[in-house]
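Engineer:
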Amino acid sequence: MGGIFGRNEGWEARLFNAATSGIPIDLASGQSNREVQASKSKVWAGSRSVPADAIRAALLDPRLAPDPRGLQLRGVRVTGTLNLDYVTLPCRLKITQSGFDNEPSFNHCTLPALNLRGCSMPGLTFRAARIKGDVFLERLQATREVRAVEATIGGQINLTKSKLASHNSKENALTLDGIKIKGDVFLCNLTATGEVRAVDAQIGGQLNLTGATLTNPEPRGDALTLDGINIVSHVVLMREATGVVRAVGARIGGQLILNGGILYGATMFDANNVLSVCALLLDGAHVRDDALVNGITAHGVIRAIGAHFMSTLSLSGEILTSGRPQGDVLKLESITVARLKFDKGLTTNGTVNLAGAKIRHLSVGSSEGKIPSLSSAQGWAVGSIEGYFLTKRHSVVQWLRVNSEHVHASSSRKVFVPQPWREMARVYEQSGHPEEARWIRYKAAQEVTKAARIRSKILRWPYGGVVGYGYRPLFVVPWMVGIFAVSLVLAMVFHGDFTQNPMVVTQSGVPGFNAFLYALDTTIPAATTGQSAMFLIGKSAWLSATFAVLRSIAWILTALLLAGISGILHKD
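Residues in the sequence shown are numbered consecutively from 1, following our numbering.
#1: Please state whether the Cβ-Cβ distance between residue 223 and residue 243 is less than 8 angstroms.
#2: Quick check on the burial criterion: 16 or more other C-beta atoms within 10 angstroms. Buried or exposed for residue 607?
#3: Cβ-heavy atom distance between residue 474 and the ligand FMN below 7 angstroms?
#4: With DSSP as the reference, label residue 223 as helix, strand or coil.
#5: Exposed or buried, residue 62, counting other C-beta atoms within 10 Å across all chains shown (16 or more means buried)?
#6: Look up residue 99 in the DSSP assignment and give the residues it is bridged to.
#7: Report the rounded CA-to-CA distance for residue 76 versus residue 82, giving the unit in angstroms.
#8: Measuring CB to CB, does residue 647 end up less than 8 angstroms from residue 189?
#9: Between the Cα of residue 215 and those of 163, 179, 418 and 67, spot the shortest distance and give me the residue it belongs to.
#10: Within the continuous alpha helix (DSSP H) that includes residue 464, where are the two ends?
#11: So which of 463, 348 and 183 has the shortest CA-CA distance to residue 299?
#12: Who does residue 268 pair with in a DSSP beta bridge?
#13: Tell me, please, whether the stretch 548-564 touches the stretch 478-489 by the rule of three or more beta-carbon pairs shorter than 8 angstroms.
#14: Restricting to Cα atoms, I'd like to know which of 25, 153 and 398 is closest to residue 94.
#15: Spatial neighbours of residue 410 within its chain, please: C-beta separation below 7 angstroms, excluding the five flanking residues on both sides.
#16: Whose C-alpha, out of 27, 35, 14 and 58, is nearest the C-alpha of residue 46?
#17: Does the beta carbon of residue 254 sit closer than 8 angstroms to a beta carbon anywhere in chain C?
#18: For the beta strand (DSSP E) that residue 308 lies in, which residues bound it at each end?
#19: Taking contact to mean at least 3 C-beta pairs separated by less than 8 angstroms, is the stretch 304-319 in contact with the stretch 288-295?
#20: Quick one: what does DSSP say residue 409 is sitting in, helix, strand or coil?
#21: May I ask which residues mark the beginning and end of the beta strand (DSSP E) holding residue 328?
#22: Could you check what DSSP says for residue 110 in three-state terms: helix, strand or coil?
#23: My output table needs one value for residue 26: the three-state DSSP class, helix, strand or coil.
#24: DSSP state of residue 136, grouped into three classes?
#25: Determine the extent of the beta strand (DSSP E) in which residue 55 is found, giving its start and end residues.
#26: Comparing alpha-carbon positions, which option in 331, 398, 444 and 120 lies nearest residue 419?
#27: Using three-state DSSP, classify residue 344 as helix, strand or coil.
#28: Nearest to residue 393 by alpha carbon, out of 268, 154, 437 and 341?
#29: Just reading off the alpha helix (DSSP H) that residue 360 is part of, what are its end residues?
#30: Report the three-state DSSP secondary structure of residue 128 (helix, strand or coil).
#31: Counting only the same chain and skipping the five closest in sequence on each side, list residues whose C-beta sits under 6 angstroms from that of residue 41.
#32: Just to confirm the assignment, what range does the beta strand (DSSP E) spanning residue 500 have?
#33: Do you know offhand how far residue 342's Cα is from residue 434's?
#34: Pull up the distance between the alpha-carbon of residue 488 and that of residue 515, whole angstroms please.
#35: State the DSSP-derived secondary structure class of residue 383, mapped to helix, strand or coil.
What follows is the structure, encoded as C-alpha cells:
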C-alpha cells in the first residue's frame, strides 16, 4: 500500500482487511450503545482514533474486493475530515456510536448504503449523492446543518431520535430539498433547533414526524417547510413546533395526520401583506386521503387557501387558539373538500373563513359541540349536511348571521351577502326539508332588509310583514281576518245605510240585510253570498268609499296569498 499515508498505514491496512472480511472493528466492545457517548469522543483514548484519510484510502484501494457487509466501525473517533465527494464506493459504509472531529462529506458520492447510527459530528452533507439502499442516521447528534439536497436514495432515510441543532442563524437544522427517496422518511422523536426543510422533495413512502420537536428560534422562522413536496403515502406531523409548519402546494397521496400537537407559530405576511401569526400553512396542498387535525393547540392561524382535500378534513379538540381575540384563525377560502368535519369539543377564539369553498359534505358535531363563528362564506357551495345542523335550523341561522355583512369597497356602508344563506336553504330543500329551507330564505330576506337603505326598507317592511317576503304567505291571513272584522263592524253599526238594490229581483223576494254575509262577501273574493249585489250603500259616500278600499285590499291580499303559496313571489 502507498507510503504517502505515513503513520496512517497501520490503520489503512486494518480497515482494508475489515472491508474485505466484513468483520466489524468495535473499539467499544462490551459497552452498550447507551454507554457509548459519542459526543465525548474527543476525550477517548488515542487508540480509538481512526484517521479519516485511512478510511478513504482503504475504500478507494483498487485491490479491494469488499465483503457484502462492507466496512463496519463502532466506538471510534474519526480524526481529520472524511471527504468522499465524487467517489464511487464499492461497499456500504457503517460507522456507528462514533464521533467525528469534522463534518463528513459525501457530495455527489455513490455508495450502496450508509449507516451512521448514534454518531456525533459537527454536521453532515451528502448533496446530490446516489445511495442505492438505506440511510440510517438514528440518534445522530449534529451541531451544524445536515444537508442532503437533491440526493437520490433507493431505500429509506431514518433520523429517529436524532438531535440536530444549528447554532448558525443562516443554516437549517435539516435540509432535504429536491431529494428523491424511494422508501420512507422517519423523523420520529427528532429534536431540531433550526428549520427542517424538504422543499420539492419526492418521497415514495411516508413522512413520519411522530413525537418530533421542531424549534426555529428566528422570530419569523419556519419550523417545518414541505412546500411542493410529493409524498406517495402518509404524512404524520410532529408533537411540538415553534415556527410556521408549512406545506404550500404539497401533494400527499395518503393521510395528513396532526393529532395532539402544539403549534406555537410565528409571524409572517399574509396575501394582503398584513403581518399575522401563522401556525399551519397548507395553501394549495392536495391531500388524497383524510386530513386529521385533531386535538391540537395552535397559537396562530391555520390556513389552507385553495387546498384540495379529496377525502375528510377533520377538525376537533381544543385547537386554533390564537394569541388575538378576533379575526380568522381558520382560513379555508376556496378549498375543495369531500367532507369538512367540525367535531364536538372544537373551540376557537376567532372565526372561520369559507369564502369560495366547495364542500361536498359538511358535518357538524353534536349540539354540545362548538363550531367556529363564520366570518365569510360568500360564493361557497355545499352538497349536503349532517349533524345537528340538519335538525337545528336556528343554529344554522345563528352561525350564518354572525359577521354575515361586509363593508362595501366604495363606501363605509355594510352590505349583506345572502348567497351563503340561499346555499344552505338549497341544501335543506334537497335533503327533504322544504319548510326549513323556506324559513332560512325568510330569515335571509329579513337580513337584507336590515342592511338595506332607508328607501328600500320602507318598501320591504310591509312586504315582509304581509307575506314574509313571499316565503311566509300565511302571514296574510291575520290581515284578511282584520279586514273582515272591520267590514263586519261597519256593516253592523251602519246597517241602516244599506238599501235594497232595485235591479235585483227574485221570485221569492229579497232576504233581509245580513251584516256578517255582507262583510264576508266584501273581504273574501271567492265568497258568493250575493249580499254585496243585493244591497247598496245609500247616501253615505265615505262608507261606500271605505268598503271599496277594503274590497280592493282584500283582492290584493288574496292575490299575494295565492302567489306566495304557488312560489311566484320567491323565485330565486
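Beta carbons are placed, not taken as given, at the ideal position from N, Cα and C, and that holds for glycine.
Structural biologist: On the basis of the coordinates in this document:
#1: Start at 1 with the first residue of the sequence shown, and residue 223 comes out as number 223. Start at 1 with the first residue of the sequence shown, and residue 243 comes out as number 243. In contact: residue 223 and residue 243 (Cβ atoms closer than 8 angstroms).
#2: Because the chain here runs from 1 to 572, residue 607 falls outside it and cannot be looked at.
#3: The model on display carries no ligand, and the ligand FMN is accordingly not part of it.
#4: Position 223 of the sequence shown holds residue 223. Strand, per DSSP.
#5: Your numbering for residue 62 matches position 62 in the sequence shown. Under this definition residue 62 is an exposed residue.
#6: Numbered from 1 along the sequence shown, position 99 holds the residue referred to as residue 99. DSSP lists 77 and 120 as partners of residue 99.
#7: The residue given as residue 76 occupies position 76 in the sequence shown. The residue given as residue 82 occupies position 82 in the sequence shown. Cα to Cα, residue 76 sits roughly 13 angstroms from residue 82.
#8: Here the chain covers residues 1 to 572 and nothing more, so residue 647 does not appear.
#9: Position 215 of the sequence shown, counted from the first residue, corresponds to residue 215. The option with the nearest alpha carbon to residue 215 is 163.
#10: Residue numbering aside, residue 464 sits at position 464 when the sequence shown is read from its first letter. Segment 454-467, the alpha helix (DSSP H) holding residue 464.
#11: Along the sequence shown, read from residue 1 onward, the residue named residue 299 stands at position 299. Considering only alpha carbons, the answer is 348.
#12: Numbered from its first residue, the sequence shown carries residue 268 at position 268. 276, per the DSSP bridge assignment.
#13: yes
#14: For the purposes of this step, residue 94 is taken as residue 94 along the sequence shown, with counting starting at 1. Measuring from the Cα of residue 94, the nearest candidate turns out to be 25.
#15: Translated into the one-based positions of the sequence shown, residue 410 becomes position 410. At residue 410, the pLDDT of 49 sits below 50, so the modelled position is not reliable; the number obtained from the coordinates is stated separately. Excluding residues within five positions, none has a Cβ falling inside 7 angstroms.
#16: Walking along the sequence shown from the start, residue 46 turns up at place 46. For the residues 27, 35, 14 and 58, the minimum Cα distance to residue 46 belongs to 27.
#17: The structure shown contains no chain C, having only a single protein chain.
#18: Here residue 308 is taken as the residue at index 308 of the sequence shown, counted from 1. First-last of the beta strand (DSSP E) with residue 308: 308-316.
#19: yes
#20: Start at 1 with the first residue of the sequence shown, and residue 409 comes out as number 409. Here residue 409 scores only 47 on pLDDT, less than 50, and its place in the model should not be relied on; the value that follows carries that caveat. Coil at residue 409, not helix or strand.
#21: Translated into positions along the sequence shown, residue 328 becomes position 328. It spans 328-331 - the beta strand (DSSP E) in which residue 328 sits, taken as one unbroken run.
#22: Along the sequence shown, read from residue 1 onward, the residue named residue 110 stands at position 110. Note: residue 110 maps to strand in three-state DSSP.
#23: Your numbering for residue 26 matches position 26 in the sequence shown. Strand, per DSSP.
#24: As a position in the sequence shown, residue 136 is number 136, starting the count at 1. In the structure shown, residue 136 sits in a strand (DSSP, three-state: E or B).
#25: The residue labelled residue 55 in the question sits at position 55 within the sequence shown. Boundaries around residue 55 are those of the alpha helix (DSSP H), 52-60, since no beta strand (DSSP E) includes it.
#26: Here residue 419 corresponds to residue number 419 of the sequence shown, with the count starting at 1. The shortest C-alpha separation from residue 419 is found at 444.
#27: The residue given as residue 344 occupies position 344 in the sequence shown. Coil, per DSSP.
#28: Indexing the sequence shown from 1 puts residue 393 at position 393. Among 268, 154, 437 and 341, the Cα nearest to that of residue 393 is on 437.
#29: Numbered from its first residue, the sequence shown carries residue 360 at position 360. Where residue 360 is concerned, there is no enclosing alpha helix (DSSP H), although the beta strand (DSSP E) it sits in stretches over 358-364.
#30: The residue you call residue 128 lines up with position 128 of the sequence shown. In this structure, residue 128 counts as coil in the three-state DSSP scheme.
#31: Working through the sequence shown from its first residue, we reach residue 41 at position 41. Correct list, in chain order: 77 and 99.
#32: To locate residue 500, count along the sequence shown from 1; it is residue 500. Looking at the DSSP string, the run of the beta strand (DSSP E) that includes residue 500 is 498-500.
#33: Within the sequence shown, residue 342 is the residue found at index 342, counting from 1. Within the sequence shown, residue 434 is the residue found at index 434, counting from 1. In a straight line, the C-alpha of residue 342 is about 25 angstroms away from that of residue 434.
#34: For the purposes of this step, residue 488 is taken as residue 488 along the sequence shown, with counting starting at 1. For the purposes of this step, residue 515 is taken as residue 515 along the sequence shown, with counting starting at 1. Using only the alpha carbons, I get a separation of about 6 angstroms.
#35: Walking along the sequence shown from the start, residue 383 turns up at place 383. Residue state, collapsed to three classes: strand.
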